[in-house]
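Under the UniProt record's numbering, the sequence shown is numbered contiguously, ending at residue 227.
A quick write-up on the structure given underneath.
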Amino acid sequence: MKDIVLIPGALATPKLWYQQEIFFQGSRQLHYVDVLNSDSIVEMAHRFTSIAPKKFTLIGFSMGGYVALELYRHIPNKIEKLILINSAAKLVSEKGQLERERSLDLMNKGKFDFLIKLIFKNSIYDKEKHNALLPVAQEMAQEVGVENYKNQLNAILNKPDHSSLLSSIECPTLLIASEQDHVMPIERSEHMAKNIKRSELIYIEECGHMAMLEQPDKINQILADWL
Numbered sequence: 001m002k003d004i005v006l007i008p009g010a011l012a013t014p015k016l017w018y019q020q021e022i023f024f025q026g027s028r029q030l031h032y033v034d035v036l037n038s039d040s041i042v043e044m045a046h047r048f049t050s051i052a053p054k055k056f057t058l059i060g061f062s063m064g065g066y067v068a069l070e071l072y073r074h075i076p077n078k079i080e081k082l083i084l085i086n087s088a089a090k091l092v093s094e095k096g097q098l099e100r101e102r103s104l105d106l107m108n109k110g111k112f113d114f115l116i117k118l119i120f121k122n123s124i125y126d127k128e129k130h131n132a133l134l135p136v137a138q139e140m141a142q143e144v145g146v147e148n149y150k151n152q153l154n155a156i157l158n159k160p161d162h163s164s165l166l167s168s169i170e171c172p173t174l175l176i177a178s179e180q181d182h183v184m185p186i187e188r189s190e191h192m193a194k195n196i197k198r199s200e201l202i203y204i205e206e207c208g209h210m211a212m213l214e215q216p217d218k219i220n221q222i223l224a225d226w227l
């Protein structure tokens, strides 16, 4: 049974991938990278290198994509295929820095619950789906907690610039970009697709940042076709 390693984004847990767990049950062995208890993308990646399977497909979402690229930097020979969903190689934009600094300020003022609702309001495109998915998002966020999310935001603000790594990526790479993603502009995925030799870019229509929750069937079909 082939191995797949999944990396959630900030404010998310392995529950983010529950639809993929159901879909791949019995056909793939799934592993998860721990993105808690650290304020460093490099450290998150490094902790997994010693326990990584011998060969695997690596899938990273959003911040998880940053960790995935850092993993590729250290153990490229173990990674057979790379999939990055609504992620980026470049440093965080000035706008992104301001938004994350504002989030840190809200948490310091004790407004974590308000921040969760605000974040996921901007992360789900379909407003009808938003109401149904909000409890799942809130459950993950509460499991992550304030201190872990602060660490994750600091990790994002200080992430390595992986732009120079892209041209050295040798494995087949799939970039998935949601067309209505207000968190991670699709230009970030287009930049990676342009600079990774063996890459393919697939757009998902009518979908926001949280693609695995909002369009799970579409994501599963893309993964099944590509894997």
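For every residue, glycine included, the Cβ atom is placed at its ideal position computed from N, Cα and C.
- Cut-off 6 Å between Cβ atoms - residues of its own chain near Gln29, not counting five sequence neighbours on either side: For the purposes of this step, residue 29 is taken as residue 29 along the sequence shown, with counting starting at 1. Contacts found: Met1, Asp3.
- What is the rounded straight-line gap between the Cα of Ile59 and the Cα of Glu200? As a first step, residue 59 is located in the sequence shown; it is residue number 59 there, counting from the start. As a first step, residue 200 is located in the sequence shown; it is residue number 200 there, counting from the start. Cα to Cα, the separation comes out at about 14 Å.
- Query: In whole angstroms, what is the alpha-carbon distance linking Pro185 and Glu205?
  - Reply: Position 185 of the sequence shown holds residue 185. Position 205 of the sequence shown holds residue 205. Here the C-alpha atom of Pro185 lies approximately 14 Å from the C-alpha atom of Glu205.
- Count the C-beta pairs between the stretch 68–82 and the stretch 158–177 that are closer than 8 Å, then say yes if the count reaches three, no if not. yes
- How about the stretch 131–150 and the stretch 41–58: do they share at least three Cβ pairs that are nearer than 8 Å? no
- Contact test: Ser62 Cβ vs the ligand FMN heavy atom, cutoff 6 Å: This structure does not include the ligand FMN; it has no bound ligands of any sort.
- Task: Would you identify the three-state DSSP class for Glu190, choosing helix, strand or coil?
- Result: Within the sequence shown, numbered from 1, the residue matching residue 190 stands at position 190. Helix.
- Message: Which residue wins for smallest C-alpha separation from Phe56, given the options Asp39, Val33, Ser40?
- Response: Start at 1 with the first residue of the sequence shown, and residue 56 comes out as number 56. Of Asp39, Val33, Ser40, the residue nearest in Cα terms is Val33.
- State the Cα-Cα distance for the pair Ser168 and Met192, rounded to the nearest angstrom. For the purposes of this step, residue 168 is taken as the residue at position 168 of the sequence shown. For the purposes of this step, residue 192 is taken as the residue at position 192 of the sequence shown. Cα to Cα, the separation comes out at about 12 Å.
- Task: Please confirm whether Leu6 and Leu133 have their CB atoms less than 7 Å apart.
- Result: Indexing the sequence shown from 1 puts residue 6 at position 6. Indexing the sequence shown from 1 puts residue 133 at position 133. No; because the gap between Cβ atoms is not below 7 Å, this pair is not in contact.
- When you compare only the Cα positions, how much space is there between Val92 and Glu70? For the purposes of this step, residue 92 is taken as residue 92 along the sequence shown, with counting starting at 1. For the purposes of this step, residue 70 is taken as residue 70 along the sequence shown, with counting starting at 1. Spanning the two alpha carbons is a distance of roughly 15 Å.
- beta strand (DSSP E) containing Asp105: first to last residue? One-based indexing of the sequence shown puts residue 105 at position 105. Unbroken run through Asp105 is the alpha helix (DSSP H), 94–108; no beta strand (DSSP E).
- Task: Please classify Ser163: does DSSP put it in a helix, a strand, or coil?
- Result: One-based indexing of the sequence shown puts residue 163 at position 163. Of the three classes helix, strand and coil, the one that applies to Ser163 here is helix, per DSSP.
- Item | Delimiting residues of the beta strand (DSSP E) encompassing Asp3 | As a working note, residue 3 is residue 3 in the sequence shown. Unbroken beta strand (DSSP E) run through Asp3: 2–7.
- Query: So Thr49 is in the alpha helix (DSSP H); what residue range does that whole segment cover?
  - Reply: Start at 1 with the first residue of the sequence shown, and residue 49 comes out as number 49. Taken as a continuous stretch (DSSP letters only), the alpha helix (DSSP H) holding Thr49 covers 41–49.
- Spatially closest choice to Met63 from Pro8, Gly145, Ala52, by CA coordinates: In the sequence shown, residue 63 corresponds to position 63, counting from 1. Taking only the C-alpha atoms, the option nearest Met63 is Pro8.
- Message: Between which two residues does the beta strand (DSSP E) holding His74 run?
- Response: Sequence index remark: in the sequence shown, residue 74 carries index 74 (1-based). Taken as a continuous stretch (DSSP letters only), His74 belongs to no beta strand (DSSP E), being part of the alpha helix (DSSP H) at 63–74.
- Task: Pick out whichever of Ser40, His31, Asn86, Met44 has its Cα sitting closest to the Cα of Ile124.
- Result: Counting from one through the sequence shown, the residue named residue 124 turns up at place 124. Among Ser40, His31, Asn86, Met44, the Cα nearest to that of Ile124 is on Asn86.
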